[in-house]
Structure formats: structure tokens, C-alpha cells
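According to our numbering, the stretch in the sequence shown is residues 22 to 220, in order. From the three backbone atoms N, C-alpha and C, an ideal C-beta is built for every residue, glycine too. These figures come from a predicted structure and were not determined experimentally. Read the structure below first, then the notes.
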Amino acid sequence: MPKRKGAFVYSADQWQAVTQAIPSDDPKLLQAVRRELQQNIITPYLEAMATEEEKSTQTPLDAMRKALAAVDHLPPDTVADFRQHARDIIEAMEDANRRNRGKGRSKRLRGMLYEAILRIWTGMLGQKLARNKPDKGASRTTAPSGPTLRFLQAVLRPVMKNEMPGPWGVVDIIEREHDARTDTVKQVKAFKATQAKLR
């Protein structure tokens with residue numbers, strides 16, 4: 022994902038797809054949702070992802086390349102051995118870098134993006150985390166549907182582009198968030214019950 026200059030802005034067509042997935046036609050609410058998405062969620066996410074990508078290319082490889090360039094004054098046979106060893110290390114590190122790109126912090130950033138967008142759905146828009154999926158045991162070839170799924174897809178598609186999860190991936194995102202919120206509610210209730218016993 023290249024580093025973005027300026028803020029993320031939905032195109033007219035992209036925003037129309039988002040508004041069609043929002044169960045309200047209140048212009049003030051729609052404008053507030055758009056501002057929240059563009060300024061406070063998506064733009065910071067894209068900036069963080071761009072920074073993360075830059076960091077992943079500025080690795081110990083840079084130091085290794087500098088060391089490799091600095092050995093010219095050594096005896097020729099030593100330089101040849103060192104250069105070959107350094108090239109092998111650089112190649113292995115570059116391979117590891119390519120394999121690991123998009124993992125770790127990037128995954129956490131995507132999780133935070135999904136959570137923030139779903140907070141708009143349940144908070145600002147007052148909706149529930151729900152989706153319609155085929156009956157239990159049905160084939161995953163039958164596409165899931167539902168208002169939360171449509172909203173998340175409409176909001177994410179312009180941001181994620183070719184990294185956009187499919188319908189079942191979006192269902193998994195919704196279910197993980199639902200489970201996390203359910204667990205939080207249980208923990209709060211357990212904490213309050215413990216506090217009440219201590220009084």
C-alpha cells in the first residue's frame with residue numbers, strides 16, 4: 022500500500038454504495054458518518070499501514086549492504102568470501118521480509134480498522150452486529166448476506182482494494198467482533214459481581 026498524501030476521500034460512487042448500506046437517510050447523520058470514516062478511521066489507518074510498509078523495507082539489510090560496500094580495502098580473497106557470505110545473508114533476509122510482510126502489526130492495524138468501522142455501525146448508526154448466513158452445515162458456496170455485512174463491504178472495498186476479504190471473510194470479522202464484545206460484557210459482569218461480594 023503506497024504512502025498516501027492527504028486525507029482519504031470516498032468518490033461519489035463509493036460513497037453512494039456506503040449510503041445505500043446505511044439504514045438512514047438523515048443528511049446530518051450521513052455527513053457525520055462520512056467525516057468519522059474518512060478523517061478519524063480510514064486516513065489514520067492508511068497512514069499507519071504506509072509507515073509500517075516503510076519500516077519493513079528499512080531493515081538490518083541496509084546495515085548489511087553498507088558493511089558489504091565498506092570492505093573494499095581488505096585483501097581480495099577475504100573480500101570475496103565476505104561478499105559471498107553477505108550476499109547469502111541479504112538474500113535470506115529479503116526472502117524472510119517478503120514472506121512476513123503484512124503480518125504482525127499490519128494484521129493488528131486491520132483488526133483495529135474493522136473494530137472502528139463496526140463501532141460506527143453499532144454506535145452512530147445504532148445497529149446490531151448481525152448477518153444472515155445459510156443454515157448451519159450448508160455449503161460455503163452459498164453467499165452470506167445481511168445489513169452489517171453489506172455496510173462493512175461498502176466501507177472497506179475502496180480502502181482494501183485487492184486485499185478485500187470475501188463475504189465469508191467479512192462474516193468472520195463480524196463474528197470475531199461480536200465474540201469480543203460478548204466476552205467483554207461477561208468480564209464486566211463478573212467483575213461487578215466480585216466487587217459486590219467484597220462490599
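1. Using the beta-carbon count (16 or more within 10 Å), is Lys24 buried or exposed?
2. What whole-angstrom Cβ distance do Leu150 and His199 have, given they're in contact under 8 angstroms?
3. Spatial neighbours of Arg171 within its chain, please: CB distance less than 6 angstroms, with the 5 preceding and 5 following residues excluded, ordered by chain position.
4. Could you say if the stretch 171 to 183 and the stretch 206 to 213 meet the contact criterion of at least three C-beta pairs nearer than 8 angstroms?
5. Near Gln35, what residues of its chain come up, given a Cβ to Cβ distance below 6 angstroms and the 5 sequence neighbours on each side ignored?
6. Can you name the start and end residues of the alpha helix (DSSP H) that Ile43 belongs to?
7. Looking at the structure shown, is Ala214 part of a helix, part of a strand, or coil, going by DSSP?
8. Starting from Val54, trace the alpha helix (DSSP H) both ways and give me its first and last residue.
9. Where does Leu95 land, buried or exposed, given buried means 16+ other C-beta within 10 angstroms?
10. In this structure, does DSSP put Met22 in helix, strand or coil?
11. Can you have a look at Arg131 and say buried or exposed, based on whether 16 or more other CB atoms are within 10 angstroms of its CB?
12. By the 10 Å Cβ neighbour count, where 16 or more other Cβ atoms means buried, how is Leu58 classified, buried or exposed?
13. Distance check for Ile63 and Met22, CA to CA, integer angstroms please.
14. When you compare only the Cα positions, how much space is there between Ile110 and Ala101?
15. What's the gap between the Cα of Ala33 and the Cα of Leu67?
16. Do you know how far the Cα of Arg197 is from the Cα of Asp204?
17. Taking the C-alpha atoms as reference points, what is the distance between Gln52 and Tyr31?
Answer, in terms of the structure:
1. For Lys24, the pLDDT reaches just 47, beneath the cut-off of 50, and the residue's location in the model is therefore unreliable, although a value from the coordinates is still provided. Lys24 should be labelled exposed.
2. 5 angstroms
3. Ala42
4. no
5. Pro179
6. Run containing Ile43: none; DSSP gives neither H nor E here.
7. helix
8. Pro48 to Arg56
9. exposed
10. Reliability of the predicted coordinates at Met22 is poor, the pLDDT of 46 falling under 50, and the value obtained from them is presented with this limitation in mind. DSSP places Met22 in coil when its eight states are reduced to three.
11. buried
12. buried
13. Note on Met22: pLDDT 46, under 50, position unreliable in the model; no value is reported.
14. 14 angstroms
15. 20 angstroms
16. 10 angstroms
17. 12 angstroms
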